[in-house]
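Undergrad: Heads up: the sequence lines are chains C and L, in that order. So for the first sequence, my numbering puts the first residue at 73; every next one is plus one. So for the second sequence, my numbering puts the first residue at 6; every next one is plus one. Heads up, the beta-carbon is just placed ideally off N, CA and C, and yes, glycines get one too. In this text the structure is predicted, and so the values were computed from the model without any measurement.
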Amino acid sequence: MDAPRAKRDAVAPASRVRRASVRSSVTRISFVDLAMLTAQVLGLGIAAAGALAEWPWLTLAGSVVSIGSQVVITATRSPINRALSFIGVSRAIRILLLILLAVFLELALASDNAADNLRHGATVWLLPLAGALCFLATFADQWRARGYRGGGLAWRGLEAYGLADSTPAPTGIASAIFALVPALALTAGVPFVLTTPTGTPGQLDLVGAIAATLGLASCVLSVVLRARLLSGGDRVERVFRLRAALDAYSPEVVIFFSAPASATYALNVWIQTANAFTVRTLIVSKEGGHLDRLEPTTIPTLYAARALDIEYLTVPSVKVVLHPTTANKVFEIMRLRGLLQVFIGHGDSDKVSSFNPYSKVFDEIWVSGPAGIDRYTALGDGFRTDQFVTVGRPQLAEIATVAADGSSEVTLPRPTVLYAPTWEGFLEQANYSSLATMGVAMVTAMLAMPNPPRILFKPHPSSGHRRADMRQAQEEIGRLLREANSDHQVFEDGTVSLYAAFNSADVMITDISSVLSDFLASHKPYLVTNPRDELLADFLAAFPSSAAGNIIDTDLTSQQGTDFVAAIGGALEGDPDGRPARIALADYLLGPILDDPVGAFVGQVASAVARAKVRYPAPRVVPAPPEVEGKPFVSTSIDGADGANG
Amino acid sequence: MIRRILLIAAALVAAISTVTHWSLMLVAVALYVATVLMAGRSRVIRRSGDADQTGAAIVLSVATGIVVMHAGADTASVFLVAILLAVLHGLHLLRHVLRVVVYRRWRTTADWRNLTVAAPVPRRVVRVAGPTLVPIPVWIFAPICAVYDADPVVYVLLGILCLALVVVTFVPIADALLGNLRMPTEQQRLDSLTASLRELKPEILVHFNARTASAYALNEWMSTLGRVNAMHRVVILTVDREPWHFETITGSELPIVHLNGAEAIEYFVERVPSFVLALYPRNTSPNKNLLRVPGLYDVFINHGESDKPEAANPATRAFDEIWIAGEAARARYLDANLGVREEQLRITGRPQLSDLLGLVATTPRANATKSVVYAPTWEGYYAEDGYGSVITMGDRVLTALLNRGDLAVTYAPHPALGSLSRQVAEASDRIVARLKRAGGHSVLEGSAQERYAALAAADVLVADIGSDLVDYLSLGRPYVALNPNESETTAEFVKTNPSASAGIVVSVASIDTLDDAITRALGSDDLVVERSALANRYLGDLATPAIDRFLAEVDACLAHIHDSRPARELPAPAEEVAE
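1. How many Å lie between PRO368 (chain C) and VAL296 (chain C) at the Cα?
2. Under three-state DSSP, which class holds LEU514 (chain C)?
3. Kindly indicate which three-state DSSP category ALA16 (chain L) falls into: helix, strand or coil?
4. Closer than 8 Å, CB to CB, is SER618 (chain C) near chain L or not?
5. Pull up the CB-CB distance for GLY419 (chain C) and VAL341 (chain C), whole angstroms please, since I reckon it's below 8 Å.
6. For GLY203 (chain C), go through chain L and note every residue whose CB falls closer than 7 Å to its CB, in chain order.
7. Using a C-beta to C-beta distance shorter than 7 Å, which residues of chain L count as neighbours of ASN622 (chain C)?
8. Is the CB-CB distance between ALA76 (chain L) and ALA155 (chain L) below 8 Å?
9. Would ASP306 (chain C) pass as a contact of GLY441 (chain C) if the rule is Cβ separation under 8 Å?
10. Short check: CB of SER431 (chain C) to CB of THR398 (chain C), under 8 Å?
11. Sort out for me which residues DSSP pairs THR629 (chain C) with in a bridge.
12. For LEU466 (chain L), which beta-bridge partners are listed by DSSP?
13. When the Cα of TRP646 (chain C) is compared with those of C:ARG218, C:VAL265, C:LEU201 and C:LEU484, which residue comes out closest?
14. How many whole angstroms separate the CB atoms of THR353 (chain L) and VAL378 (chain L), which I take to be in contact at a CB cut-off of 8 Å?
15. Pull up the distance between the alpha-carbon of GLU558 (chain L) and that of LEU412 (chain L), whole angstroms please.
16. Does the pairing of the region 114–133 of chain C with the region 262–281 of chain C give three or more beta-carbon distances under 8 Å?
17. Contact between the region 544–552 of chain C and the region 580–593 of chain C is defined here as three or more beta-carbon pairs at a separation below 8 Å; is this criterion met?
18. Figure out for me which residue from C:PHE673, C:VAL694 and C:ILE152 has the closest Cα to the Cα of THR462 (chain C).
19. With DSSP collapsed to three states, give me the class of TRP197 (chain C).
20. Whose CA, out of C:SER569, C:SER290 and C:THR345, lies closest to the CA of ARG216 (chain C)?
21. What's the gap between the Cα of ASP105 (chain C) and the Cα of PHE158 (chain C)?
22. Shortest alpha-carbon distance to GLY444 (chain C) belongs to which of C:ILE249, C:PHE312, C:LEU318 and C:PHE615?
23. For the beta strand (DSSP E) containing GLU436 (chain C), name the first residue and the last one.
24. Do you know whose CA, among C:LEU286, C:ARG300 and C:PHE574, lies nearest LEU205 (chain C)'s CA?
25. Terminal residues of the continuous beta strand (DSSP E) containing PHE329 (chain C)?
26. Going by DSSP, what residues sit across from THR321 (chain L) in a beta bridge?
27. Quick one: give me the first and last residue of the beta strand (DSSP E) that TYR386 (chain L) is part of.
28. Helix, strand or coil, according to DSSP, for MET108 (chain C) in the structure here?
29. Are the beta-carbon atoms of ARG203 (chain L) and LEU556 (chain L) separated by less than 8 Å?
30. Curious, which full-length beta strand (DSSP E) runs of at least 3 residues does the region 183–222 of chain L contain?
31. Please check the pair SER311 (chain L) and VAL475 (chain L), which I expect to be a contact at CB under 8 Å, by giving their CB distance rounded to whole angstroms.
32. With 8 Å as the threshold, decide whether the Cβ of ASP521 (chain L) is near any Cβ in chain C.
33. May I have the straight-line CA-CA distance separating ASP81 (chain C) from PRO576 (chain L), to the nearest angstrom?
34. Which of the three DSSP states, helix, strand or coil, is assigned to GLU268 (chain L)?
35. Spell out whether any CB of chain L is found under 8 Å from the CB atom of ASP435 (chain C).
36. Any chance the region 97–116 of chain L sits against the region 263–275 of chain L, with 3 or more Cβ pairs inside 8 Å?
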């Protein structure tokens, strides 16, 4: 206990606290949005100026600009709506202001010109009534949009059990635009009659009557649509239908996933393996976005936002829960009784965030090889040896392996180096990335070699999530490689799988991450960056997966007595002397290479279900849905259903 | 909803006043003022401010301008009114933006109370935005002045008055903003905070995460923690979105630190190596942010001993130890097959009983009128938390108690009762209203001391399954347990909730027997032996003062940690990492 703890302190946490490290993505405002905002303000101004100056055609133009830009804002679901609502000028208020400035100001001003006679001849109450109804039409539409009650739930793949895939929240753009028509009729119609030389008070009344009728129709439409939203998409009913479908499906295994939007990959690394499961499986995601980014799967998938959904939809047939992450929301299923909770991780690595004391909450922690067990038990903090199961890494099946005699499954036409740095992590303590500190220097050094190797650059998809310097370095390396005029390549997010990239390279340069331990499966030589220039002995002790590689400091030298360029040169020749050590390390970290690693893992899942039935023989008792209104499951809110609201 | 309708009406009436009669403007202002009065002073911090109110105010202002013009005021006067209203709304917007800036920029920063730290704490602005009030004089007087042809000087005076009002509203926000602008960086403030804690050398960190309605969960521990602090230095860590518990935690001068986010928590704990023991009064998902930090010994202390299923669930496996009051809790954990291991459970008693029993010694008990406490529990977060009696039985319980005429009723609702469900809150309000009408009875507000005082004075308790019932066992007095679920028979109820077994069970179906149950409890009292055995099972040996026993257990745990774990060390000082 003593020694590992001290080591961890020595090497890892030279961290700094950063404010708001994980920020929700900021809505970007485009030039179109800004132009429409300007048009809104200008439209109101022009309408008012026209009324003041007694130029009705100018008022007419202002109304058209104002309502036209509002239509564009609504149709494009521009963030301007929300921003203006925030400072108090919601869509309905803007329409009311336009009516005030374009119609009422014009009508209110007494003057001596001919148009004045029209105003005084028109029916007194009709135009105010039309104005009120035009405003209420927009307001009623905002109210309609708030009526959606199906938020925080989505599902796929339950058709066979009587439940078609969920549909997203209605956008309601058409009815939102229709709600603007009465106001357009009024604010354009009144100035138009006033500009017409032959205009009569009767025509003014006609405009008022048309606008009032349209306004009333729009209000009625909003009421009807809201009633339909409430009847069709009621959240409670949807949960009940889901429950019925899940009871019919009766899954035995749940893959429970919670992660930030940028980390869907942590689930995707398991999809291929999960597709081979022999037990009925359900994927449950705590965030809606993952469903759209999921790799193709036949496994039913559910997104349920609320903790009470998890309590109710974890049906009694479920015996085993597999966890690729340890997010806070793991709690929502962890609190349920009678389930065998298994942490499967999403890539076995030496990173601090990959093993922390909280993981002892799981019944079982599945690790690739013996190294995983050593790492957890070295942490102390209450881990027990009976919690661990060695399962190998089924994802590594497609990595081409160099045999002990140096023969390879794949031969490459030209010596190739893969640079695959990790990202900066959510916490600065977990930042092992070399991208910002060493990336550009290493690529430059390789390009300057007498016989520069082919360079493949594959940055982590989340790079730059938290730090701008990571993004800059990534762009700079891309530029260097393009300008080098060779067949170097940059693998953007998703274009080439990591393992295909492994198979295209002779040597890899990487950081402390799961990429490194995965690469060990190839038995090829590798270089590991030491971006904090820690002492070699400390570094090797803290990160066992680096032990069979060259460790490179930030100044591109190595404390092992060589330097970066020499190390690359040796590695490109295959480094046969280091091969036995690499193979031994791979066995220790990843488990021995199996003929059918996926099949072995599928077997492990099936036997976990059997173990769960022994350990928790009584099926989980799912409580009846709460009858008390106000619990999170029954209470209704508008999450996920913004529509054209605003 | 009513407020919103009134605001719409105010805006519409103001708009219509421009083409009909100026006096309608006064009606609009009246409607607007009514909504301001309805809004009241909410303590809740609003992110967006009151957008509806602002929207209506803008419409009123534009309408005022048109009315003034319509009334035939001279150009200079119209100009003055227009500029004045534009300036007032501009200033309101500016104030709104500044408040949002202060709120967003310093919302998540570290904060603390009851600690001497070199760095300052952030100034917070509680209300992000309020309704626009300053233009009201303009809305009222400008149309009148225009109609009666007032001199432009009058408008100038009106403007000076309003602008003076605006300046007053800017003082607190400007003060907070200027104070916060001189704030050191978050890094420096955390370093300063941890440096001061390294001198204090606290050993125990109490992790607390809760809505304001759940503050009771920590408050019932505060007197005990105060005693612990005398020996081992305790720091409270609150991790909510806002540091609202600075106000809700009462009854102690213990240091409170507010942090936000996993990274800050980890940094803080690493830099105060004297922390070795973390206590958790609630079993919630944000606990993970501290549980994941290596080097601490994590102990779940819960907030009250009861048969509620939520008190024992598999998520508690994440703790190194679970401290429980007695044998009943041990059986609850082990029999439920949660995966919790026996060595994780440590019986530490229920130290809060010392407060309760201390009050019993000093509370005189009236003989003439018997005292009954009705203590329903709250609705809970989850479907399985269905043991609150307020909705299904509350009214009839009260009727039975009041009809007897020989009882002084104390209504002691759970502190969080009605905080999630309006239906429950309304049922509770009805009970309170009935008691007020009847007179001579009392309603508790929710503090722990007040509850103990009520229990100490009670002759009989009528309660739902919950910790009040178990605490009351220590007094050896008779009680009635309520079974609010029609689907559960009394036998099943007692089996799942053994704390009811030494009381008289009254269920929804048998509510008519409550009167007899009270008579039996006050009279023959034939369950004395059962109660004594049950108290022993739930609360342990009551011969030793509970607080002494708990303090001894804390000592023992700390000694165990110091013996079995290496001393935590301060990591190397933070390097300057290139941004």
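TA: From the atom records:
1. 39 Å
2. Sequence check: residue 514 (chain C) is Met here, not Leu. Three-state result, MET514 (chain C): helix.
3. helix
4. no
5. 6 Å
6. ALA20
7. Within chain L, no residue comes near ASN622 (chain C); the closest Cβ sits about 24 Å away, beyond 7 Å.
8. no
9. no
10. yes
11. C:ASP635
12. L:VAL378 and L:TYR484
13. As written in the sequence, residue 646 (chain C) is Gly, which differs from the Trp given in the question. The shortest C-alpha separation from GLY646 (chain C) is found at C:LEU484.
14. About 26 Å separates the two Cβ atoms, so there is no contact after all.
15. 41 Å
16. yes
17. no
18. C:PHE673
19. coil
20. C:SER290
21. 16 Å
22. C:PHE615
23. 436–439
24. C:LEU286
25. 325–329
26. Answer is none; THR321 (chain L) lacks a bridge partner.
27. Where TYR386 (chain L) is concerned, there is no enclosing beta strand (DSSP E), given that its DSSP letter is neither H nor E.
28. helix
29. no
30. 209–213
31. 5 Å
32. no
33. Unreliable placement is indicated for ASP81 (chain C), whose pLDDT of 31 sits below 50; no coordinate value is reported for it.
34. helix
35. yes
36. yes
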